[in-house]
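Here is the structure we will look at.
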Amino acid sequence: MSVGAAVKPVVFFTPNWTPVHQGESVTLSCNVAPTAQGNLGYSWYRDGHQISGVQQNLVIQSGTWSDNGKYQCQLGTNDISDPVPLHFKFDWLILQAPPAVHEGDSLSLRCHSRPGLDAKKPVFYKDNKAIGPPVSGSELQIGRVGVTASGTYRCDKEIYFYYAFGNGYRTYKDEQYISVSELFSAPQIKVSSDQMTEGDHMTITCDTELRPHRATTELQFAFYRNGHNVQGFSLSNQYGVPSAQLEDSGIYTCEVQTPTGSVRKRSNVGHIHIQELVSYLHINVSSDQVTEGDHMTITCDTELRPHKATTELQFAFYRNGHNVQGFSLSNQYGVPSAQLEDSGNYTCEVQTPTDSKRKRSNMVHIHIQEKRRVYLVAALTGILAVLLFIISVIITFKFRHKLAPLLMCPLHHPKTGE
1 MSVGAAVKPV VFFTPNWTPV HQGESVTLSC NVAPTAQGNL GYSWYRDGHQ ISGVQQNLVI
61 QSGTWSDNGK YQCQLGTNDI SDPVPLHFKF DWLILQAPPA VHEGDSLSLR CHSRPGLDAK
121 KPVFYKDNKA IGPPVSGSEL QIGRVGVTAS GTYRCDKEIY FYYAFGNGYR TYKDEQYISV
181 SELFSAPQIK VSSDQMTEGD HMTITCDTEL RPHRATTELQ FAFYRNGHNV QGFSLSNQYG
241 VPSAQLEDSG IYTCEVQTPT GSVRKRSNVG HIHIQELVSY LHINVSSDQV TEGDHMTITC
301 DTELRPHKAT TELQFAFYRN GHNVQGFSLS NQYGVPSAQL EDSGNYTCEV QTPTDSKRKR
361 SNMVHIHIQE KRRVYLVAAL TGILAVLLFI ISVIITFKFR HKLAPLLMCP LHHPKTGE
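Once you know that position 337 of the sequence shown is 337 in UniProt numbering, the rest is easy, because the numbers rise by one and skip nothing.
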């Protein structure tokens with residue numbers, strides 16, 4: 001919606017009918033926004049040419065065919081209004097309607113015969129079909145209309161005439177096409193950015209445009225996510241989320257209505273996906289095996305979305321749910337000389353400087369081994385290796401000792417006969 005944009009003045013008729021019988025009077029008013037009013041003079045134009053008149057109202061007394069044309073007005077040097085046609089006719093009967101009809105308007109039609117004539121009640125038709133409700137005098141009150149009310153309207157009225165060859169009623173007809181315009185365009189939902197990341201300020205706008213002739217009409221806006229209302233009807237055409245979260249993702253629509261609810265329209269559907277700021281978060285330890293006295297370093301590895309690569313992050317570390325290092329720019333927690341009490345379940349947490357988004361890592365269990373146990377295991381392992389070596393040497397020696405006599409015995413061959 002063009003909120004805050006300059007609003008053109010609008011020409012209105014009193015009485016609000018067109019066409020008009022010649023000889024009748026019409027007052028034209030130049031309606032401007034309250035903010036535009038002041039000591040500026042008014043200018044009036046017919047068919048693009050300036051005519052006399054410097055007041056907000058222009059009165060046409062006993063109009064004739066020479067007063068026909070498209071009228072515009074202007075306040076000072078501001079924008080000129082859109083043209084509005086005014087037609088004076090010399091006919092026994094005219095069908096009158098408002099110069100402009102918009103959806104939500106209450107439409108009245110007038111089957112107006114020349115003053116002083118004796119006439120019966122008229123019959124009204126739309127697209128050649130008789131319409132009601134019953135006529136009051138010469139007028140038909142149709143009520144609030146939508147764009148589907150557009151069509152060709154006609155009225156028939158019997159008027160009494162005195163003829164040289166005899167008096168009597170004669171039926172007259174007049175018709176005109178009446179177009180019911182949209183009051184405002186179908187709303188469109190728009191998001192402040194194509195790529196929304198958690199923590200971003202998200203603004204959703206419900207964009208619509210009022211028709212010039214109704215530019216000062218007040219509209220109300222409401223917003224929905226997945227069919228559920230997230231902001232009720234108000235004068236604001238925007239819905240803002242200061243710090244978008246993943247759960248703000250969804251299908252968004254907006255609805256626009258007049259204060260009375262006579263015209264209400266729903267927007268198109270907008271799919272909004274909030275991306276994670278930190279796409280990867282993992283906690284790592286400098287060594288798979290940490291012994292008492294070792295230097296231990298725990299790292300909080302992260303990966304940001306490409307379009308948020310320059311975002312500053314702060315890191316904190318926890319052991320068994322208790323904070324061991326507060327938020328800082330360092331993604332590492334170091335222990336110069338690890339002790340047994342440093343064992344535990346470690347996690348890290350990352351946040352933006354504004355604390356608009358926090359994310360916790362996976363958990364890793366770190367067990368600090370006792371130093372003397374490590375030495376004992378190493379000693380036992382060494383002793384076991386020596387024993388195994390000695391045993392293998394003894395077995396080898398014994399095997400060779402038993403095998404030696406066999407190797408020293410002469411070979412006996414059987415004697416052959418001479």
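Glycine residues also receive a C-beta, built at the ideal position from the N, C-alpha and C atoms.
Computed from a predicted structure; not experimentally measured.
- Give me the Cβ distance between ALA100 and LEU109, rounded to the nearest whole Å; I'm assuming they're in contact under 8 Å. So it is not a contact: roughly 14 Å between Cβ atoms.
- Would you give the residue range spanned by the beta strand (DSSP E) that THR14 belongs to? 10-14
- Query: In chain order, what residues of the same chain lie with their CB nearer than 6 Å to the CB of TYR169, ignoring the 5 residues before and after it?
  - Reply: GLU158, TYR160
- Item | Residue interval of the beta strand (DSSP E) (run including THR347) | 344-351
- Grab me the residues of ASP301's own chain with a C-beta within less than 8 Å of its C-beta, minus the 5 sequence neighbours each way, in chain order. TYR280, LEU281, HIS282, ILE283, ASN284, ASN331
- Quick one: measure Cβ to Cβ for ILE189 and ILE178, integer angstroms, because I've assumed they're closer than 8 Å. About 32 Å; that fails the 8 Å criterion.
- Item | Backbone secondary structure at ARG214 - three-state DSSP | helix
- Message: Please state the DSSP three-state secondary structure of VAL393.
- Response: helix
- If you pair each beta-carbon of the segment 193-204 with each one of the segment 266-279, do three or more pairs fall below 8 Å? yes
- If you compare alpha carbons, which of GLY53, PHE90, ASP47, GLN72 is closest to VAL11? GLN72
- Query: Taking the alpha-carbon positions, what's the ASP200 to PRO187 distance?
  - Reply: 25 Å
- Message: Please report the straight-line C-alpha distance between ARG266 and TYR318, rounded to a whole angstrom.
- Response: 49 Å
- Query: Using CA coordinates, which residue listed in THR258, THR148, VAL147, VAL191 is at the minimum distance from VAL241?
  - Reply: VAL191
- Inspect the CB distances between the segment 71-88 and the segment 133-144 and report whether three or more fall short of 8 Å. no
- Message: For VAL278, tell me which candidate among ILE251, GLU255, ILE298, LYS308 has the shortest Cα-Cα distance.
- Response: LYS308
- Query: Can you give the beta carbon distance from GLN339 to ILE368, rounded, assuming they're within the 8 Å contact cut?
  - Reply: 7 Å
- Message: Tell me the DSSP secondary structure of SER330 in three-state form.
- Response: coil
- Message: I'd like the list of long-range same chain contacts for GLU303, defined as Cβ closer than 6 Å, with 5 residues on each side in sequence excluded.
- Response: SER279, TYR280
- For my contact list, SER62 and SER25 are in at a C-beta cut-off of 8 Å; report their separation, rounded to the angstrom. 6 Å
- Message: What would DSSP say about ALA149, mapped onto helix, strand or coil?
- Response: helix
- Among LEU95, TYR42, HIS49, which has the Cα closest to the Cα of PRO19? LEU95
- When the Cβ atoms of the segment 382-392 are set against those of the segment 351-368, are three or more pairs found closer than 8 Å? no
- Limits of the unbroken beta strand (DSSP E) element including PRO85: 84-86
- Give the DSSP-derived three-state secondary structure of ASP79 in the structure shown. coil
- Query: Between the beta-carbon of LEU107 and the beta-carbon of VAL145, is there less than 8 Å?
  - Reply: yes
- Query: What is the DSSP secondary structure of LYS357, reduced to helix, strand or coil?
  - Reply: coil
- Query: Excluding sequence positions up to five away, which residues of its chain have a Cβ less than 7 Å from the Cβ of THR310?
  - Reply: none
- Under the rule that 16 or more other beta-carbon atoms within 10 Å means buried, what is PHE221, buried or exposed? buried
- Item | ARG305 - partner residues in DSSP beta bridges | Bridge partners of ARG305: none, in fact.
- Message: According to DSSP, is VAL135 part of a helix, a strand, or is it coil?
- Response: coil
- Bridge-paired residues (DSSP) for HIS271: ILE251
- Message: Quick check on VAL364: does DSSP put it in helix, strand or coil?
- Response: strand
- Does DSSP classify LEU28 as helix, strand or coil? strand
- Return the residue from the list SER185, GLN141, LYS371 that minimises the CA-CA distance to PRO212. SER185
- Query: Would you report the Cα separation of GLU218 and GLU139, rounded to the nearest angstrom?
  - Reply: 29 Å
- Could you check what DSSP says for TRP17 in three-state terms: helix, strand or coil? coil
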